[in-house]
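Input: a single structure, listed below in structure tokens.
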Amino acid sequence: MNHRTRVISALMAALWVSNSSLDAQENATGSKATSAEILTNEAVIERVTISVDRSLEYLAKQQRPDGAWDGNNAPNALALLAFMGRGHVPGRGPYRDVIEKGKKFILRTQDANGVFVPQRP
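Residue numbering for the sequence shown follows the numbering used here, beginning at 19 and increasing consecutively.
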């Protein structure tokens, strides 16, 4: 499995875990639980939080020294969104350096016309 596939797989795994937890939940009457009931279930919240945090740890370890995860900006932007979606922001918290390096990489790929150009290794 190549690097790009692993990064995208980690992002998709976090989404899949949260979605499959929603599909599997039923309330006490045996009928499907509402979204609000599912999202307030502590066990579901804990499982999703652990899965997302593990995915972010993996993504942080996969980041290249230049700040990218891939030569194309789409996976790089998705990786940054995953961190920010969990509440991490540039300049603060345990992933401040990861986010800052990723942000700087993406900004370096912008040309004089404002177009973001993929950087192939």
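Glycine is no exception: its CB is placed at the ideal position from the N, C-alpha and C atoms.
- For THR67, the uninterrupted alpha helix (DSSP H) run begins and ends at 60-80, by DSSP.
- C-alpha of ASN94 to C-alpha of ARG65: approximately 25 Å in a straight line.
- Each residue's CA atom was taken as its position, placing SER73 and GLY105 some 14 Å apart.
- By the CB criterion at 9 Å, GLY132 and TRP87 fall outside the cutoff.
- For LEU96, the closest of PRO112, ARG110, GLN81 by C-alpha to C-alpha distance is GLN81.
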